[in-house]
Every structure is written in structure tokens, then in C-alpha cells.
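> What follows is a single structure, and I will ask about it in a moment.
Protein chains: 2
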Amino acid sequence: MAEEFNEIIAVLKAQHIRPTKIREEILNLFFDVNHALSHSDIFLKLKNKFDRVTIYRTLEMFGNKGLIHKIVDNSGVTKYASHGHGGCDVNFKHHKTNHIHFKCKQCGNIYCLCSIEVPKVDVPAGYEMQVLNLSAEGICKICSS
Amino acid sequence: MAEEFNEIIAVLKAQHIRPTKIREEILNLFFDVNHALSHSDIFLKLKNKFDRVTIYRTLEMFGNKGLIHKIVDNSGVTKYASHGHGGCDVNFKHHKTNHIHFKCKQCGNIYCLCSIEVPKVDVPAGYEMQVLNLSAEGICKICSS
DNA sequence: CATCAATTGCAACACTGTTGCAAAACAAAC
DNA sequence: GTTTGTTTTGCAACAGTGTTGCAATTGATG
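As given, the protein sequences belong to chains W and Z, one line each in that order. In terms of this note's numbering, the first sequence opens at residue 1347 and continues consecutively. In terms of this note's numbering, the second sequence opens at residue 1347 and continues consecutively.
As C-alpha cells, then:
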């Protein structure tokens, strides 16, 4: 655990983020799971330790520094997923900016699928497409086995 | 306008919805535009005439009856689009349940693109995909011309 | 007209997210 | 170690979205 935390501190320092307790603990949470976390997931896991607002600010900052990205799922819940470790189905080096998000209908978790390609799609004449976001729903690896 | 309203009443009756004032006015709004509307869009357009809650309940009911569908855009705002008339880039008969949503970065409007196919995508082994949602971002027909 | 069900408006609440400000923690210099 | 100035945190307050319960109104039907 101490080793892990040293790694987390190193990641924070690499992004010029002062490694405070809340930052270490939140980043540790992301590195521990392989799916996206909502603000309330994080708030409950760190129950009573930190203020709601500080968590929001930390998440926003992690987003700006490129450590995590925001996902709005089809029910309107905002979640956040880390780019390295379990946050993606490939490792940090192969993380793709634009990837498919998979939401499991059973456990509710959202997984980033960076190992598959986002297809090309043509839009009707007159429309100018800049980004294409894909989100799949179904049953995840864990729930289907 | 009177003619239009008769058509709207006919649509409501066809779905066994009692045609009250608020229902006629909301459905009329959807038939007047070719993009999705948020609750607050509707509330503002009908300013002071109806209660917030009644609008929410009407939208939920229209959704259950299949007159409109819900869209959560990537900023977390919930919008609703009708299936017939301007709500889709094809007419009611060619409306597809699963279609691409296009959000214009300039005007902010969301358009349903029912005329183009949703591609097939393979997910990694173990995942069982049931639905694939596509949402594009860019510049719409109106803003790019 | 009387009755019963459906619809609406209102009050209240929970949840998410944001902002301003004061207190605390921290780093750097002396 | 103490002082100084910056960063971070917690707290209070607020705005927006969406939901629920209940009472009053409306509307359909006999």
C-alpha cells in the first residue's frame, strides 16, 4: 500500500499537482477500480473525510490535468474515469482520447473500451461532423460470466 | 393554426391522451421545431402559463406513449425530441428507434438524424452489447450555411 | 346535476453542481 | 524556528433539475 501511494504521489507530481491527502485518496480510488466513478460514489467511499465541494474541485482539476475524463451516461449521471490502470481496458500508453463507453445494465458500471476502433460515419449533406461519441449498453464481462 | 391544432388533437386522441391545453401546447411546440427541447426551453416558451411539475409530467407521459424520446446530451442536459414532423430529418414513417443525435456546437441544438445508418461495432470478448448509441458534434446545416 | 376519475398547481424535498469567503495548511525565505 | 505569502480546504449559501404528496380543479359520464 505504501508502495502504491508512492506511485500515486509520483503521478501527481508529474502533473505538477501538490500531493495532498484528498488528492492521493481520490486518485487511489480511480486506480483501484476498472470503471467510471460518480461524484457521489467517491463521496460515499471517502465518507465524512472530505467536503463535497473539495471533491468537485479535485475532480475538475484532475480533468484539466488530463488524469481523468468526464462521462455523462444516458441517464444523465456524470461519471469520471481515469486514463491509466483499470480505468481503461488497455494500459495508459494505448489509451485513446475518443473511445467507446460501455454501460452494464446489470451492475450499472461504465467501462472505457479503448481497444476497439470508433467507426467512421457519414452525416447528411450540410452537417459538418467534428466528433463522434459512441456509448454501448449491455452486459459486462463480469456480470455475463 | 386552427387546422394545426386539430391535427395535434388528433395525434393525442390516437394515443388515448386526453387533449388538454398544456398537452396541445407542448405537442405544438415540438411540431414547430426541428430539434430537441429541454424542460426549461418549454417552460420559458410557455412562460407563466403552466406549472413546472405539470410540464415534467406531460413530458414523461409523452415519452411513455411514444410521442417523444429523451436525449441526454454530453453536457448532462436532458432534452426531448418528437418522432414526427420536424423532430427528425425524415418523416414519422421513416423514424428509426435507434438513430444518431447531432449536437451543433454553435447554436447548441440537437437534431435527430434518422436517415443514416447506425454502424455495427464489435466489442471485446466477454462483453454483450445490446444497444449502441451514437452522438455527433459539429456544425449543423443552418449554422454552416 | 351529481359522481367519480383524471389532471393540474402548489409546497416541499432531494440531489447535483457552483461561488465566495474565511480558516487552515503548506512552501519558501529569512 | 518564525514570518510571509500562496494554495488548499471547509463551510454557508445559492441555483437548477427532477420527484412526490396532497388538495383543488377540471372533465367525462350517467
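We treat Cβ as the ideally placed atom computed from N, Cα and C, and that holds for glycine.
May I ask you to list, following chain order, the residues of the region 1377 to 1408 of chain Z that have a beta carbon less than 8 Å from some beta carbon of chain W?
So nothing in the stretch comes that close.
> For the region 1457 to 1476 of chain Z, enumerate the residues whose C-beta is nearer than 7 Å to any C-beta of chain W, in chain order.
Result list: Leu1459, Ser1461, Ile1462, Pro1465, Val1467, Asp1468, Val1469, Pro1470, Gly1472, Tyr1473, Glu1474, Met1475 and Gln1476.
> Whose CA, out of W/Pro1470, W/Lys1449, W/Lys1466 and W/Lys1391, lies closest to the CA of W/Gly1484?
For W/Gly1484, the nearest C-alpha among the options comes from W/Lys1449.
> How big is the Cα-Cα spacing for W/Leu1383 and Z/Ile1456?
One C-alpha to the other measures close to 27 Å.
> So which residues of chain W does Z/Leu1478 contact, with C-beta pairs closer than 7 Å?
Within 7 Å Cβ-Cβ: Leu1480 and Ala1482.
> Between which two residues does the alpha helix (DSSP H) harbouring W/Val1399 extend?
Note, W/Val1399: alpha helix (DSSP H), Arg1398 to Asn1410.
> How long is the line joining the alpha carbons of W/Cys1453 and W/His1381, rounded to whole angstroms?
When rounded, the distance between both Cα atoms is 11 Å.
> Taking 7 Å as the line, does the beta carbon of W/His1447 fall inside it for any heavy atom of the ligand SAH?
Absence of the ligand SAH is noted for the structure shown, with no ligands found whatsoever.
> Tell me whether W/His1362 is buried or exposed, calling it buried when 16 or more other Cβ atoms sit within 10 Å of its Cβ.
Result: exposed.
> Determine the direct distance from the alpha carbon of W/His1429 to that of Z/Val1467, and round the result to whole angstroms.
Taking the straight line joining both Cα atoms gives about 22 Å.
> Who are the neighbours of W/Lys1487 on chain Z, taking C-beta pairs under 7 Å?
Simply Gly1472 and Tyr1473.
> In whole angstroms, what is the alpha-carbon distance linking Z/Glu1371 and Z/Tyr1426?
Cα to Cα, the separation comes out at about 15 Å.
> Taking 8 Å as the threshold (beta carbon to beta carbon), is W/Thr1443 in contact with chain Z?
Answer no: the Cβ-Cβ gap between W/Thr1443 and chain Z never drops below 8 Å.
> Got a sec: which bits of the region 1414 to 1429 of chain Z sit with their beta carbon under 8 Å from any beta carbon on chain W, in order along the chain?
Residues passing the 8 Å Cβ filter: Val1418, Asp1419, Asn1420, Ser1421, Gly1422 and Thr1424.
> Measure the Cβ-Cβ separation of Z/Val1418 and W/Val1464 and say whether it is below 8 Å.
Cβ atoms of Z/Val1418 and W/Val1464: not closer than 8 Å.
> Tell me the rounded alpha-carbon separation between W/Leu1375 and W/Leu1358.
Using only the alpha carbons, I get a separation of about 14 Å.
> Could you give the distance in angstroms between the alpha-carbon of Z/Asn1479 and the alpha-carbon of W/Val1399?
Each residue's Cα considered, the two are about 32 Å apart.
> Please classify Z/Arg1403: is it buried, with 16 or more other beta-carbons within 10 angstroms of its beta-carbon, or exposed?
Exposed is the call here.
> Counting only Cβ pairs nearer than 8 Å, list the residues of chain Z close to W/Ile1446.
Val1467 and Val1469, listed in chain order.
> Name the one or two DSSP bridge partners that Z/Leu1459 has.
Beta-bridge pairing links Z/Leu1459 to Z/Ile1446.
> What does the alpha-carbon distance come out to for the pair W/Thr1443 and W/Cys1489?
Approximately 26 Å between the Cα atoms of the pair.
> Leaving out five residues before and five after Z/Lys1391 in sequence, what residues of the same chain have Cβ atoms less than 7 Å from its Cβ?
Correct list, in chain order: Leu1375.
> Rounding to the nearest angstrom, what Cα-Cα distance links W/Leu1373 and Z/Asp1387 in this structure?
If you take the alpha carbons of W/Leu1373 and Z/Asp1387, they lie about 38 Å apart.
> Please state whether the Cβ-Cβ distance between W/Phe1396 and W/Ile1368 is less than 8 Å.
Yes, these two residues count as a Cβ contact at 8 Å.
> Determine the burial state of W/Ser1491: buried for a count of at least 16 other Cβ atoms within 10 Å of its Cβ, exposed for fewer.
With fewer than 16 other Cβ atoms within 10 Å, it is exposed.
> Relative to the C-alpha of W/Ala1482, which residue among Z/His1415, Z/His1445, Z/Val1477 and Z/Lys1451 is closest?
Among Z/His1415, Z/His1445, Z/Val1477 and Z/Lys1451, the Cα nearest to that of W/Ala1482 belongs to Z/Val1477.
> Would you mind working out which of Z/Lys1416, Z/Val1469 and Z/Met1475 sits nearest Z/His1447, comparing C-alpha positions?
Taking only the C-alpha atoms, the option nearest Z/His1447 is Z/Lys1416.
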